[in-house]
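For reference, the structure discussed in these notes is given below.
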Amino acid sequence: MRAELAIGSRDLLGESPVWDAARNRFLWLDQVRGTIHEATRDGFGRWHESRSWNLNRPLAGLVPRLQGGMVSGSGIEILTLDEDSGEVNTFVSLDAAPEQVVLNELKCDRQGRLWAGTRGTDIRKHGMGALYRIDADRSVSLVLADVSVSNGLDWSPDGRTFYYIDSPTFTVSAFDFNPTRGTIRDRRTLVTFAKGDGVPDGMTVDDEGCLWIAIAGTGQVRRYSPRGEPLEPILVSAPVVTSCAFGGADGGDLWITSAALRLPDEVLEAIGGTAEQALAWAAAPEAGGAFTCRPGRGGIRSVPFAG
Numbered sequence: 003m004r005a006e007l008a009i010g011s012r013d014l015l016g017e018s019p020v021w022d023a024a025r026n027r028f029l030w031l032d033q034v035r036g037t038i039h040e041a042t043r044d045g046f047g048r049w050h051e052s053r054s055w056n057l058n059r060p061l062a063g064l065v066p067r068l069q070g071g072m073v074s075g076s077g078i079e080i081l082t083l084d085e086d087s088g089e090v091n092t093f094v095s096l097d098a099a100p101e102q103v104v105l106n107e108l109k110c111d112r113q114g115r116l117w118a119g120t121r122g123t124d125i126r127k128h129g130m131g132a133l134y135r136i137d138a139d140r141s142v143s144l145v146l147a148d149v150s151v152s153n154g155l156d157w158s159p160d161g162r163t164f165y166y167i168d169s170p171t172f173t174v175s176a177f178d179f180n181p182t183r184g185t186i187r188d189r190r191t192l193v194t195f196a197k198g199d200g201v202p203d204g205m206t207v208d209d210e211g212c213l214w215i216a217i218a219g220t221g222q223v224r225r226y227s228p229r230g231e232p233l234e235p236i237l238v239s240a241p242v243v244t245s246c247a248f249g250g251a252d253g254g255d256l257w258i259t260s261a262a263l264r265l266p267d268e269v270l271e272a273i274g275g276t277a278e279q280a281l282a283w284a285a286a287p288e289a290g291g292a293f294t295c296r297p298g299r300g301g302i303r304s305v306p307f308a309g
């Protein structure tokens with residue numbers, strides 16, 4: 003199946019798509035420009051960009067907030083955005099050195115707790131980042147250390163398995179998850195990617211328990227069984243796909259983000275790409291756009307942040 007361009011946003015680094023069921027809209031961001039996009043259906047059922055906000059700073063991760071507005075990350079701060087007034091406030095700051103790490107990904111578990119992953123500011127230095135859990139009472143817990151580039155994360159339909167991607171490891175990890183305590187244990191490798199086969203980035207889980215993973219540098223979102231077996235891919239005209247999320251009125255729309263920036267040399271070296279490829283990927287006509295398709299399966303309803 004091939005995904006179709008829904009919004010030609012030409013994002014430098016489109017990321018963090020999420021379905022906001024309370025307002026029947028997809029949200030996503032351009033991580034580099036600091037722009038948050040909103041897409042809704044028009045009277046003919048077509049997707050269009052209905053609103054946008056620019057926070058004038060790099061952003062990482064995007065989650066609707068239970069009390070209204072949104073939550074995003076910038077540097078080592080978790081920010082709240084009042085979308086009507088445009089007011090931005092700091093919810094919490096991570097206990098980390100801002101010159102060494104920055105936030106890279108956010109997502110909520112089924113209980114409405116926020117999970118925040120960081121990466122090193124110098125991506126050549128591995129193990130600088132971490133994964134945190136942020137509760138509604140503003141408490142911050144370190145969940146996982148020695149992370150290089152914290153990326154895709156999601157949970158199984160029964161909420162008992164946590165899936166996680168640290169991109170430079172070229173693996174997808176699975177953990178046992180305790181929904182009551184919000185803790186993980188017993189890490190194991192579910193999927194391993196060969197060098198030259200792209201970089202695993204953002205991820206979502208469908209209602210059958212299968213993982214959908216955006217593979218940067220391949221123009222594909224690939225589906226894997228809960229046992230890590232490869233299934234059918236979704237093809238995308240933008241080579242650098244970054245993330246994906248299910249949503250829509252029936253949960254059956256798959257929203258896919260992409261990038262129109264030249265990948266850094268360090269990333270190219272890691273995946274076996276060339277400078278010529280990087281330029282071609284960034285210049286692809288629909289690079290940086292937001293794509294959608296209906297693959298015949300639905301996804302788990304996203305949960306807003308309870309804080």
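Just so we're aligned, residue 3 is where the sequence shown starts under the numbering used here, counting upward by one. For glycine and all other residues, C-beta sits at the position ideal for the given N, C-alpha and C. Computed from a predicted model, the values in this text were never measured in an experiment.
Check, Outcome
"Candidates L213, W117, V269 and P60: closest to P232 by CA position", "L213"
"Neighbourhood of P306 by C-beta distance below 6 angstroms, restricted to the same chain and skipping five residues each side", "P66, R67 and L68"
"For A41, the residue or residues it bridges with in DSSP", "F28 and E51"
"Counted within 10 angstroms of its Cβ, other Cβ atoms place R115 as buried (16 or more) or exposed", "buried"
"Residue range of the unbroken alpha helix (DSSP H) whose run includes E231", "Taken as a continuous stretch (DSSP letters only), E231 belongs to no alpha helix (DSSP H), as it is neither H nor E."
"Touch test, the stretch 175-190 against the stretch 215-226, Cβ-Cβ under 8 angstroms, three pairs minimum", "no"
"Whole-angstrom distance between V94 and R140, CA atom to CA atom", "6 angstroms"
"Residue closest to R303, alpha-carbon to alpha-carbon, out of G77, G71, V145 and T206", "T206"
"D168 (DSSP reduced to helix, strand or coil)", "strand"
"Cross-strand partners of Q222 (DSSP beta bridge)", "I217 and L237"
"3 or more residues per run - each beta strand (DSSP E) lying fully within the stretch 148-210", "152-157, 163-168, 173-180, 185-194 and 201-207"
"Beta-carbon proximity list for H50, same chain, < 6 angstroms, skipping 5 on both sides", "D44"
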